[in-house]
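**Q** Quick note on our numbering: the sequence shown kicks off at 59 and runs consecutively.
Just passing along the structure, written as structure tokens.
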Amino acid sequence: MIYHDNMKKSIYLLMLCLLLISACSQQKPEDLVGGGTTIPGQAAQVSAQSSEVKEFKITAKQFSFEPSTIEVHKGDKVRLIVTSTDVPHGISIKEYGINERLDVGKPVTIEFIADKQGTFTAFCSVFCGSGHSGMKGKLVVK
Ligand SMILES: [Cu+2]
């Protein structure tokens, strides 16, 4: 009887050991993935890229864009966030194929790469009143 009990105990111990071993071997690959350098490395790359975006908040109102001139360097990634504050306007920069309608109070995000050097006119593309044709801004790509 005593011998039989010992056998039972040792079998239980063996099973316990096996369980612990399998639990440990399951944890190890997870640790490698979670603590690996790939995920933090990618996050760092993304934030480095987004910090290179030249962002401008522009207000469109009768009959101007504020600021009226934006300056970037050739090759820059540019983000324009344009909001109309009075009546519907538009913003168009022909050379960059940009033409967006600006409804009042709804910011419109325009993203492009400034790959063409020069001075370009941004003009209002939605009729907005008597000064519409004179409503212009400037994009300078150095
Ligand atoms: Cu207009």
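Where is the CB? At the ideal position from N, CA and C, for every residue including glycine.
These figures come from a predicted structure and were not determined experimentally.
Is residue 137 closer than 8 Å to residue 117 when the C-beta atoms are compared?
**A** The count along the sequence shown starts at 1 and reaches residue 117 at position 59. The count along the sequence shown starts at 1 and reaches residue 137 at position 79. No, these two residues do not count as a Cβ contact at 8 Å.
**Q** Please state whether DSSP places residue 126 in a helix, a strand or coil.
**A** Taking the first residue of the sequence shown as 1, we reach residue 126 at position 68. In the structure shown, residue 126 sits in coil (DSSP, three-state: anything other than H, G, I, E or B).
**Q** I want to check one thing, is the minimum distance from the CB of residue 140 to the heavy atoms of ligand 1 below 7 Å?
**A** The count along the sequence shown starts at 1 and reaches residue 140 at position 82. The answer is no for residue 140.
**Q** Is the closest heavy atom of ligand 1 to the C-beta of residue 162 under 7 Å?
**A** On the sequence shown, position 104 is the one that residue 162 refers to. No - ligand 1 has no heavy atom lying nearer than 7 Å to the Cβ of residue 162.
**Q** Could you tell me which residues DSSP pairs with residue 150 in its beta bridges?
**A** Counting from 1 along the sequence shown, the entry for residue 150 is found at position 92. DSSP, once it has assigned bridges, lists 157, 181 as partnering residue 150.
**Q** How big is the Cα-Cα spacing for residue 108 and residue 121?
**A** Counting from 1 along the sequence shown, the entry for residue 108 is found at position 50. Counting from 1 along the sequence shown, the entry for residue 121 is found at position 63. Here residue 108 scores only 46 on pLDDT, less than 50, and its place in the model is too uncertain to base an answer on.
**Q** Would residue 184 be called buried (16 or more neighbouring beta carbons within 10 Å of its own) or exposed?
**A** The residue you call residue 184 lines up with position 126 of the sequence shown. Label assigned to residue 184: buried.
**Q** Let me check you understand the geometry: is the CB of residue 185 closer than 7 Å to at least one non-hydrogen atom of ligand 1?
**A** By 1-based counting over the sequence shown, the position of residue 185 is 127. Residue 185: yes, Cβ under 7 Å from ligand 1.
**Q** Closer than 6 Å by C-beta to residue 92: which residues in its own chain qualify, once you throw out the five before and the five after it? Chain order, please.
**A** Your numbering for residue 92 matches position 34 in the sequence shown. With a pLDDT of only 45 at residue 92, under 50, the local geometry of the prediction cannot be trusted, and the value read off the model is given with reservation. Counting only Cβ-Cβ distances below 6 Å, and skipping sequence neighbours, we find nothing.
**Q** Which value, in whole angstroms, describes the spacing of the CA atoms of residue 131 and residue 173?
**A** Reading the sequence shown from its first residue, position 73 is the one you call residue 131. Reading the sequence shown from its first residue, position 115 is the one you call residue 173. Near 9 Å, if we compare the C-alpha coordinates of residue 173 and residue 131.
**Q** Would you mind sorting residue 143 into buried or exposed? The rule is 16 or more other CB atoms within 10 Å of its CB.
**A** Indexing the sequence shown from 1 puts residue 143 at position 85. Exposed, by the Cβ-count rule.
**Q** Can residue 139 and residue 180 be called in contact, C-beta distance under 8 Å?
**A** Taking the sequence shown and counting its residues from 1, one reaches residue 139 at position 81. Taking the sequence shown and counting its residues from 1, one reaches residue 180 at position 122. Result no, Cβ atoms of residue 139 and residue 180 do not sit closer than 8 Å.
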